[in-house]
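Student:
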Amino acid sequence: MIDKNRMTEHAMELIRIDSLSRMEREVALRLEKEMKGLGAECFYDDAGEKVGGDVGNLIVKLEGNKSGAPPLLLSAHMDTVGPGEGIKPRVENGVMKSDGTTILGSDDKSGIAVIVEVIRALKEKNIPHGDIEIAFTICEEIGLLGAKHIDINKFRSKHGIVLDSSTPARLVLKCPSAAKMEFLVHGLEAHAGLCPENGISAIEIASRAISQMRLGRIDDITTANIGIIEGGRATNIVPNLVHVVGEARSHNEEKLDSQIGHMRGCFHDTVSKYEVTLHDDLSAGGVTYTARLDEKIERTYDRMDVPLTSVPAKLVTGAVNNLGYSIAPHTSGGGCDANFFNKMGVECVNLGTGMYELHTVNEYLVLEEFYRAAEIVLEAVKLNTVNGG
Ligand SMILES: [Zn+2]
């Protein structure tokens with residue numbers, strides 16, 4: 020039922036279309052044309068305007084041919100991380116990879132190709148199905164922004180499957196909450212050779228604060244990272260400004276709050292220890308300068324925790340059983356669009372498509388798993404029809 024060659028070719032065609040976050044327009048137009056050709060209705064929401072991108076989420080509705088079957092949401096994201104321009108995909112020994120200078124972009128073009136192949140198979144074989152609603156989202160890679168701004172009222176589905184994870188041998192049911200933390204450390208500029216004692220080094224403060232932080236894996240469900248440091252202008256200037264950006268994630272809200280509190284505390288404590296008093300002819304007692312901190316803490320997304328007994332989990336596990344494969348529930352360390360869909364009341368699980376070493380130039384797609392993901396989704400669509408009808 021699944022046309023493996025067609026799926027592979029389609030994934031490669033999609034991968035050759037550059038679609039960095041906020042620049043998904045070209046791939047969206049391509050998908051719109053394909054889906055209309057399959058008889059689906061397509062429109063865009065206004066998420067693109069909200070996040071400063073060149074296109075919105077592409078929403079596709081394929082009318083069912085079986086009455087009584089509940090509508091089903093399928094979703095994959097259109098954007099990729101970099102380096103992701105001019106990707107040259109190739110297949111060798113059952114594995115798809117790039118030429119090694121870019122990512123592959125199977126994250127998440129493989130998910131898109133799975134969904135489109137399932138629709139093609141349904142049409143070709145005239146398989147009974149309920150309404151299928153598809154969200155091809157934008158800006159997943161920069162904080163799930165497309166899903167965050169999706170107009171969920173445009174959907175009737177109460178459950179769905181997101182195709183955006185590593186292997187179809189695992190079903191992602193739990194994803195963490197995440198927070199982004201931005202710190203701006205203000206010191207005082209001075210000539211580093213003539214009068215360094217007149218300055219306050221923002222770089223010194225930031226590095227002391229960070230060196231006291233618990234980072235990396237905090238416990239089995241909590242992680243933290245400082246990912247960006249920018250600051251300083253020249254070797255002969257005591258730097259007066261450093262910009263630090265980090266994140267924390269956890270499957271437990273209290274643990275997340277405690278980690279955020281800890282990271283903030285390291286900055287606050289360190290900053291409070293730095294001041295310098297400068298004496299000049301005008302003010303007898305001198306003028307005291309203190310280091311200062313600006314911070315911005317924002318929630319990136321909320322955790323998801325879907326039970327194995329939920330409708331979408333049962334559809335996928337039932338499909339896997341029917342096909343003779345195996346699958347294990349999985350807790351992910353990363354967020355996905357399903358975090359927002361679940362929060363908005365559409366219960367969703369996340370199934371892998373065979374992609375590995377994501378976000379690196381070594382990214383690869385195992386074709387056997389890629390085809391298996393399509394078989395599982397097609398079978399889940401059939402089960403959804405049976406259960407509902
Ligand atoms: Zn992804």
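First residue of the sequence shown: 20, per our numbering; consecutive thereafter.
No residue lacks a Cβ here, since even glycine has one placed at the ideal position from N, Cα and C.
Once the 5 residues before and after residue 202 are set aside, which same chain residues still bring their CB inside 6 Å of it?
Tutor: 263, 286 and 314
Student: Taking the alpha carbon of residue 187 as the reference point, which residue from 390, 114, 404 and 401 has its own alpha carbon closest?
Tutor: 390
Student: From residue 26 to residue 136, what does the alpha carbon distance come to, in whole angstroms?
Tutor: 6 Å
Student: Can you give me the Cβ contacts of residue 60 inside the same chain, cut-off strictly under 6 Å, excluding the 5 residues immediately before and after it?
Tutor: 80
Student: Which residue wins for smallest C-alpha separation from residue 192, given the options 324, 51 and 123?
Tutor: 324
Student: Quick one: grab the DSSP three-state call for residue 64.
Tutor: coil
Student: Buried or exposed for residue 347, please, with buried defined as at least 16 other CB atoms from any protein chain shown within 10 angstroms of its CB.
Tutor: exposed
Student: Answer yes or no: do residue 245 and residue 265 have a C-beta to C-beta separation smaller than 8 Å?
Tutor: yes
Student: So for residue 125, helix, strand or coil by DSSP?
Tutor: helix
Student: Jot down the residue ranges of each uninterrupted beta strand (DSSP E) in the region 213-288, minimum 3 residues, whole runs only, in chain order.
Tutor: 235-238, 241-250 and 260-269
Student: Taking 8 Å as the threshold (C-beta atoms), are residue 341 and residue 355 in contact?
Tutor: no
Student: Apart from the five residues just before and just after residue 329, which ones in its own chain have a Cβ nearer than 6 Å to its Cβ?
Tutor: Excluding sequence neighbours, residue 329 sits near 366.
Student: Looking at the structure shown, is residue 408 part of a helix, part of a strand, or coil, going by DSSP?
Tutor: Its pLDDT being 39, under 50, residue 408 is placed unreliably by the model, and the measurement read from it follows with that caveat. Taken through DSSP and simplified to helix, strand or coil, residue 408 comes out as coil.
Student: Looking only at DSSP bridge pairs, what is residue 438 linked to?
Tutor: Look at the range of the chain in this structure, 20 to 408, and you will see that residue 438 is not part of it.
Student: Quick check: residue 360 and residue 179, are their CB atoms within less than 8 Å of each other?
Tutor: Taking 8 Å as the cut-off, the beta carbon of residue 360 is found closer than this to the beta carbon of residue 179.
Student: Run the proximity test for residue 43: is its beta-carbon closer than 7 Å to any non-hydrogen atom belonging to ligand 1?
Tutor: no
Student: Compute the distance between the beta-carbons of residue 197 and residue 319, then report whether it is under 8 Å.
Tutor: yes
Student: Got a sec: does ligand 1 put a non-hydrogen atom nearer than 7 Å to the Cβ of residue 388?
Tutor: no
Student: Provide the residue(s) that pair with residue 202 in DSSP beta bridges, ordered along the chain.
Tutor: 263 and 314
Student: Can you tell which of 34, 40 and 148 has its C-alpha closest to the C-alpha of residue 49?
Tutor: 34
Student: State the CB to CB distance for the pair residue 248 and residue 261, rounded to an integer number of angstroms; the pair is presumed to be in contact (CB under 8 Å).
Tutor: 7 Å
Student: Mapping the DSSP letters down to three states, classify residue 137 as helix, strand or coil.
Tutor: helix
Student: Cα separation between residue 421 and residue 177?
Tutor: As shown, the chain starts at 20 and ends at 408. That puts residue 421 outside it, with no answer to give.
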